[in-house]
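Notes follow the structure.
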Amino acid sequence: MSIGVGVLGTGSIGADHARRLSRRVSGAHLAAVFDVDPHRLSAVREELGVAGHDRAEDLIEDPAVEAVVIASPGSTHTDLVLACTEMGKPVLCEKPLAPTTKECLQILEAEVGRGSRLVRVGFMRRYDRGYVQVKRAIDEGNIGVPLVLHCIHRNLTAPSFFTSDMTMTDAAVHEFDVARWLLREELVQVAQVPVKRSPLVPEPLRDPQVVLCKSESGVLVEVELFVSSQYGYDVRCEVVGSTGLASLETPTTSAVVHRGLRIQGIAPDWQTRFALAYLDELQDWVDGLRSGHTTGPTAWDGYAATAVAEACMRSDDKGGWTAVSLVDRPKLYW
Ligand code: NAP
């Protein structure tokens, strides 16, 4: 039986998720959509021929909607996730789970209170085939003991509303989740490294930013975030181990050799770079719902990534190493 999925937020990623659910994911269908922006809502409704609602609550309560994708801005996630969990409806919530740990903890409390997991966080890099191979190399012991992780996250340009804190809560959380997932341990300390501002970036945005993190066992994780790099979307990851290294390579592209130059394109944006990962993520979520197995990044993972982002913002004020404060992990998430 096909699962009816509703999508809340039909902007950049929400519209893409709606298209994937409508055309490419098996075992599910797009049941309804909602966006506070009536133009975005009607564009997706017309393109996909799907029912629309006037309020998020109506979509969540719609009996035809058995599971919900939340793709509205991060500041709206907590209320929407809580409304879904109250109705007992599984959720795939885009990152960040919430921009503050206070809100993330409300979500954990709701899930722990009902005694089962309903929330999955959209850390889709865990489905990217390159990252999966890097993880396999670590898990199979092919590079020995991981010692240092280098992560790079560069966007072409940042939207005008983007802030230095959003670099942490909206962009860096991907890197923090990747590091925790690859290493299978929490990041427990962070330090901001002062970096010269790009002269092309409007005040007060600090760009690039570099943070250092330490894992429980002492692995050093270096993260560079440059949200207006001007040249493309570039995500890199290299894990240095005691006997070798594993690195994320640019997915297969073509190269043009011409007039003494060898030109190889890079992805302009996250939609292009991670297209397959978004599809695999959605398919895995739907397969899990159909089989009754809960897989993928949990609300705890969302909380832990936001906790590291928060510590980075605190570290910015104080300088030096700052502890990441995490509550004890509830049994539900072990
Ligand atoms: P976007 O293009 O601005 O789209 C968000 C849409 O949601 C907008 O149309 C917005 O309307 C609408 N909205 C606001 N409040 C809402 C509510 N309460 N209910 C329903 N719709 C609401 O943003 P986006 O780039 O798609 O990002 C959406 C989320 O996905 C963010 O959390 C972002 O961090 C995440 N994201 C994840 C990835 C990834 O790699 N996993 C990539 C991109 C984005 P208004 O503009 O009128 O507020």
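Here the sequence shown stands for residues 42 to 375, numbered as in my numbering.
Even glycine gets a Cβ: it sits at the ideal position worked out from N, Cα and C.
Everything numeric in this text was worked out from a predicted model, so none of it was measured.
CB of VAL262 within 8 Å of CB of LYS136, strictly: Result no, Cβ atoms of VAL262 and LYS136 do not sit closer than 8 Å.
So is the beta-carbon of ILE101 under 7 Å away from any non-hydrogen atom of the ligand NAP? No - the ligand NAP has no heavy atom lying nearer than 7 Å to the Cβ of ILE101.
Are the stretch 236-250 and the stretch 158-170 in contact at 8 Å, needing three or more beta carbon pairs? No, the stretch 236-250 is not in contact with the stretch 158-170.
Between ALA318 and the rest of its own chain, which residues show a CB-CB distance below 6 Å, the 5 nearest in sequence each way excluded? Apart from the 5 residues on each side of it in sequence, ALA318 sits with its Cβ closer than 6 Å to the Cβ of MET165, TYR168 and ASP169 in its chain, given in chain order.
Pull up the distance between the alpha-carbon of LEU100 and that of GLU87, whole angstroms please. When rounded, the separation of the alpha-carbon atoms in LEU100 and GLU87 is 17 Å.
On the CB-based measure, 16 or more other CB atoms within 10 Å of its CB, does ASP95 come out buried or exposed? Exposed is the call here.
For TYR383, which of ALA308, VAL298, ALA56 and GLY47 has the nearest alpha-carbon? This structure cannot settle anything about residue 383, because the visible part of the chain is limited to 42 through 375.
Cβ pair ILE54, ALA108 closer than 8 Å: Cβ atoms of ILE54 and ALA108: not closer than 8 Å.
In three-state terms, what does DSSP make of LEU373? Three-state result, LEU373: helix.
Could you tell me which uninterrupted beta strand (DSSP E) segments, each at least 3 residues in length, are contained entirely in the stretch 54-95, listed from first to last along the chain? Annotation: the stretch 54-95 contains the following complete segments of the beta strand (DSSP E) (minimum length 3 residues), in chain order: 69-75.
Assuming GLN250 is part of the beta strand (DSSP E), what are its boundary residues? Boundaries of the beta strand (DSSP E) harbouring GLN250: 250-256, taken from the DSSP string.
Identity of the residues DSSP links to CYS125 by a beta bridge: Answer by DSSP bridge pairing: none, since CYS125 is not bridged.
If you pair each beta-carbon of the stretch 325-340 with each one of the stretch 72-88, do three or more pairs fall below 8 Å? As far as the Cβ criterion goes, the stretch 325-340 does not touch the stretch 72-88, which means the pair count is below three.
For the ligand NAP, is there any heavy atom lying closer than 7 Å to the beta carbon of ALA112? Flag set: Cβ of ALA112 near the ligand NAP.
Quickly, what does DSSP pair LEU302 with across the bridge? List them, please. In DSSP, LEU302 forms a bridge with HIS299.
Taking 7 Å as the cut-off, is the C-beta of SER53 nearer than that to any heavy atom in the ligand NAP? Yes, the beta carbon of SER53 sits closer than 7 Å to at least one heavy atom of the ligand NAP.
Which residue marks the beginning of the beta strand (DSSP E) containing VAL279, and which one marks its end? Sequence inspection shows Glu at residue 279; the Val mentioned does not correspond to that position. Counting along the chain, the beta strand (DSSP E) containing GLU279 begins and ends at 275-282.
Just to check, is the beta-carbon of LYS136 closer than 7 Å to a non-hydrogen atom of the ligand NAP? Inclusion of LYS136 in the 7 Å shell around the ligand NAP follows from its C-beta lying nearer than that to a non-hydrogen atom of the ligand.
In chain order, what residues of the same chain lie with their CB nearer than 7 Å to the CB of PRO292, ignoring the 5 residues before and after it? So the list reads GLY171, once near-sequence residues are dropped.
Cα-Cα separation between VAL298 and GLN312, rounded to whole angstroms: Approximately 26 Å between the Cα atoms of the pair.
C-beta contact flag for ARG64 and LEU320 at 8 Å: In this structure, LEU320 does not lie closer than 8 Å to ARG64 by Cβ.
Taking the alpha-carbon positions, what's the ALA92 to VAL110 distance? About 15 Å.
Suppose contacts are defined by Cβ-Cβ distances below 8 Å. Is LEU138 in contact with HIS118 by that definition? Yes, Cβ-Cβ distance for LEU138 and HIS118 is below 8 Å.
Completely contained alpha helix (DSSP H) runs for the stretch 152-186, where each covers 4 or more residues: Runs of the alpha helix (DSSP H) inside the stretch 152-186: 170-180.
Can you grab the Cα-Cα spacing for the pair TRP341 / SER83, in whole Å? Using only the alpha carbons, I get a separation of about 35 Å.
Between GLU127, SER366, SER332 and TRP375, which lies nearest to VAL231 when the distance is taken from Cα to Cα? Residue SER366 is the option with its Cα nearest to VAL231.
To the nearest angstrom, how far is it from the Cα of PHE202 to the Cα of LEU133? PHE202 and LEU133 have their C-alpha atoms roughly 25 Å apart.
Burial state of SER283, where buried means 16 or more other Cβ atoms lie within 10 Å: Exposed: under 16 other Cβ atoms inside 10 Å.
Exposed or buried, ILE304, counting other C-beta atoms within 10 Å across all chains shown (16 or more means buried)? Under this definition ILE304 is an exposed residue.
Would you kindly work out how many angstroms separate the C-alpha atoms of HIS58 and VAL48, rounded to a whole number? Going by the C-alpha atoms only, they are around 8 Å apart.
Which residue or residues does DSSP assign as beta-bridge partners of LEU228? For LEU228, which the question treats as bridged, DSSP gives the partners SER256.
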